[in-house]
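Read top to bottom, the protein sequences are chains A and B.
Each residue of the first sequence is one higher than the one before, counting from 722 in our numbering.
Each residue of the second sequence is one higher than the one before, counting from 3 in our numbering.
Notes follow the structure.
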Amino acid sequence: MNKRPFNFDERETKTFRSICTLMYLLTIFSLIAIQLYRQFVLHQPQEAWNDIAMLLSVNILVLLGLTLYLTGSINLRSIKLTHILVGFALFVLVGFLFTIFKYAVLLGQDISLAEMWSSLSTVVIISGILWLALGLLAYLGNRRIDKQIS
Amino acid sequence: MTYICYIAFMDQRSRMKLKLARIEKNLTQQELADQVEVTRQTIGLIEKGDYNPTLNLCVKIARTLDRTLDQLFWEDGTHE
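Structure, rendered in structure tokens:
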């Protein structure tokens, strides 16, 4: 008999991890829904949903960063620079369009050219920092795995 | 149809290998489970073919039953 009541074997650990993954995804999607509902349907002030937005941002960034570092699955040296630049441009474009959509359509505000330019520069800077940080983690993770193999 | 029946038969045979080896060794599912440090349910599910054990667990089971991995887990007729 199993002596300890909570002595998980590999099958139970695997099942437990699957449940944790499912519940994590459910929690994240629920939080996204709650945040969007508060922001765009209830039109609550930023203070009312800022904590959820921060939590989501940190959570997803840490998830991406740790996945890239611990799996080491992306080999940056095998990706062409032009592909990275095109990916970055698309990322910026989506971020910029979302920002415009948010202010112009969802919040119904008029945006001047200066505000648009300011928004674009903010998106470029934040996206640049994110790409650099995630790229660095991917590089370090890949190097770590290579070292382990050798 | 014949091929599907053959596959099902071979699958059942390969599943039976673990059970037969355990019985030949005079071990119950619980005793084998205790020796390889898993639960009885896990051994039951492996024998039934409903759970794929890790290589580590396969090695532990093979050692406990004095068999090789091939003898316990390799499907007959698929060596080549």
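The beta-carbon is built from N, C-alpha and C at its ideal position, and this holds for glycine as well.
Being a predicted model, the structure only gives us computed values, none of them experimental.
- Secondary structure at Tyr-758(A): helix, using DSSP grouped into helix, strand and coil.
- Neighbourhood of Leu-47(B) in chain A, by CB distance below 8 Å: Arg-732, in chain order.
- Contact check between the stretch 46-58 of chain B and the stretch 743-761 of chain A: fewer than three CB pairs, one atom from each, fall below 8 Å, which does not count as touching.
- With fewer than three CB-CB distances shorter than 8 Å, the stretch 841-848 of chain A does not count as touching the stretch 768-787 of chain A.
- Taken through DSSP and simplified to helix, strand or coil, Trp-770(A) comes out as helix.
- Between Leu-797(A) and Gly-862(A) the beta-carbon gap is near 10 Å, outside 8 Å, which marks them as no contact.
- About 4 Å separates the beta carbons of Ile-795(A) and Ala-859(A), which is inside the 8 Å limit, making them a contact pair.
- In the displayed model, Tyr-53(B) falls within coil according to three-state DSSP, outside both helix and strand.
- The residues Glu-49, in chain order, have a CB closer than 8 Å to that of Lys-21(B) in the same chain once the five nearest residues on each side in sequence are set aside.
- DSSP places Asp-36(B) in the uninterrupted alpha helix (DSSP H) bounded by 31-38.
- When the beta-carbon positions are compared, Thr-66(B) and Asp-730(A) stay at least 7 Å from each other.
- Within the model, the alpha-carbon separation for Ser-833(A) versus Arg-759(A) is close to 26 Å.
- DSSP places Ile-866(A) in the helix class (H, G or I) of the three-state scheme.
- The beta carbons of Lys-19(B) and Leu-74(B) sit about 5 Å from each other, so the pair counts as a contact at 8 Å.
- Phe-817(A) sits close to Leu-841(A), with the two beta carbons spaced by under 7 Å.
- With fewer than 16 other Cβ atoms inside 10 Å of its own Cβ, Gln-767(A) counts as exposed.
- Restricting attention to Arg-732(A), Ala-825(A) and Gly-808(A), the CA atom closest to the CA of Gly-46(B) is found in Arg-732(A).
- If you compare the alpha carbons of Leu-791(A), Val-783(A) and Ser-739(A) with that of Arg-865(A), the shortest gap goes to Leu-791(A).
- Around the beta carbon of Ile-63(B), 16 or more other beta carbons lie within 10 angstroms, which makes this residue buried.
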